[in-house]
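Take a look at the structure set out below.
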Amino acid sequence: MRTELAALEASAERAGTALACLYSSSDEFEAAQIDARRAALWWRPQTIDGLLLVLTATTVAAVIALAALAGLALIAL
């Protein structure tokens, strides 16, 4: 009976440590979450580069359109 009780207590201790949190405090856990989110956003500048390309193309098209309108205005005078 004693051996079964000792085995049960040892099993309970192992179960408790298996479910233990990897972080010693909630602050450490929050810091790890923030680091993981920052690491996940590492590739975000590529999408900003894509938006920059679209913005540049739109600006060039607008300048060309304004130049064409100015040319038409000069011809009309």
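Per numbering that gives the first Met the number 0, residue 0 is the first one in the sequence shown, and the count goes up by one each step.
Cβ atoms here follow ideal geometry from the backbone N, Cα and C, with glycine treated the same way.
Computed from a prediction, not measured in an experiment: that's the story for all the values here.
If you draw a straight line from the Cα of E12 to the Cα of A39, it comes to about 36 Å.
Bounds of the alpha helix (DSSP H) holding S25 are 25-39. CA-CA distance, S25 to A31, rounds to 10 Å.
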